[in-house]
Amino acid sequence: MRTLDYSFDADAAVVRAAHVGVVASGDLEIVVDTASPADTATVRVRTSVDGFDSAWQAVLERFFAQQPLAGRWEINDFGATPGVVALRLRQAAQLATAGESK
Numbered sequence: 190m191r192t193l194d195y196s197f198d199a200d201a202a203v204v205r206a207a208h209v210g211v212v213a214s215g216d217l218e219i220v221v222d223t224a225s226p227a228d229t230a231t232v233r234v235r236t237s238v239d240g241f242d243s244a245w246q247a248v249l250e251r252f253f254a255q256q257p258l259a260g261r262w263e264i265n266d267f268g269a270t271p272g273v274v275a276l277r278l279r280q281a282a283q284l285a286t287a288g289e290s291k
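Numbering (our numbering), first residue to last: 190 to 291.
Here it is in structure tokens:
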């Protein structure tokens, strides 16, 4: 099991904890919590797949450039593709900011 840690600047905060997905073949689970500095998104990825550090970096950079949400993001991966990762990140962000006026 490999653990990757990232930190991104953020200008908005999640308003509630959220959980999406499951740890199953080709999928992943994301848990978002509000416990983080108000201007930082911390991300911990636990993955069973080696050799995809640059793919994780690219997907996460793209997501947080579009949705800079502060919070503690825990990602438990079981071989999800970058498309599935992006989908689950958007789902988690939507749940974590539900009720926010834009």
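Think of the CB as a built atom: it goes at the ideal place given N, C-alpha and C, for glycine as much as any other residue. Small disclaimer: the values here were computed from a predicted structure and weren't measured.
According to DSSP, which residues form a beta bridge with residue i?
i: Arg235; result: Thr192 and Asn265
i: Phe197; result: Ala230
i: Gly260; result: Ala230
i: Asp242; result: Partner(s): none; Asp242 has no beta bridge.
i: Gln202; result: At residue 202 the sequence reads Ala, which differs from the Gln that was named. DSSP lists Ala259 as partners of Ala202.
i: Glu218; result: Gly210 and Asn265
Using the beta-carbon count (16 or more within 10 Å), is residue i buried or exposed?
i: Lys291; result: At Lys291, the pLDDT of 45 sits below 50, so the modelled position is not reliable; the number obtained from the coordinates is stated separately. So Lys291 ends up on the exposed side.
i: Ala202; result: buried
i: Val234; result: buried
i: Thr270; result: exposed
i: Asp239; result: exposed
i: Asp198; result: exposed
i: Gly215; result: exposed
Check the C-beta distance from residue i over to residue j and give it rounded, since I have them as a contact under 8 angstroms.
i: Leu258; j: Ala282; result: 6 angstroms
i: Asp242; j: Leu193; result: 6 angstroms
i: Ser237; j: Gly268; result: 6 angstroms
i: Arg205; j: Ala285; result: 6 angstroms
Check: Is it true that the region 210 to 223 meets the region 243 to 256, where meeting means three or more beta-carbon pairs spaced less than 8 angstroms apart?
Finding: Contact between the region 210 to 223 and the region 243 to 256 is absent, because fewer than three Cβ pairs lie under 8 angstroms.
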